[in-house]
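In full-length UniProt numbering, the protein residues as written are 1 to 91.
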């Protein structure tokens, strides 16, 4: 019997006040216990960050550096990777 744990992926899109995409926002990814999983994640020209190979569980994106000309949003973005994920989770 093979018991492979499927991993999932998440895509974060950083939007400004007018729903415009924001390049250059920096985030860290933490698990449910607050352990840092990844740091230095920076939004691209489309305002996106994609993280692959996440085990099922609850995570948070925490903004660590605001894009130029914008204020830091300290509100964590919580999401969950389900068991046996079928598609990309978007937040």
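Glycine included, every Cβ here is placed at the ideal spot set by N, Cα and C.
Nearest-angstrom Cα separation, counted from residue j out to residue i
i          : j          : result
residue 67 : residue 13 : 13 Å
residue 76 : residue 28 : 10 Å
residue 15 : residue 43 : 10 Å
residue 63 : residue 24 : 11 Å
residue 78 : residue 57 : 11 Å
residue 26 : residue 87 : 24 Å
residue 19 : residue 36 : 28 Å
residue 70 : residue 45 : 16 Å
residue 74 : residue 17 : 15 Å
Cβ-based burial, residue i [other Cβ within 10 Å; buried from 16]
i          : result
residue 50 : exposed
residue 83 : exposed
residue 8  : buried
residue 41 : buried
residue 10 : buried
Nearest candidate by alpha-carbon position, reference residue i, set the options
i          : options           : result
residue 33 : 71, 59, 81 and 77 : 59
residue 65 : 78, 39 and 45     : 39
residue 6  : 43, 23 and 55     : 55
residue 81 : 19, 26, 69 and 30 : 30
Beta-carbon separation (whole angstroms), residue i vs residue j, contact threshold 8 Å
i          : j          : result
residue 47 : residue 89 : So it is not a contact: roughly 16 Å between Cβ atoms.
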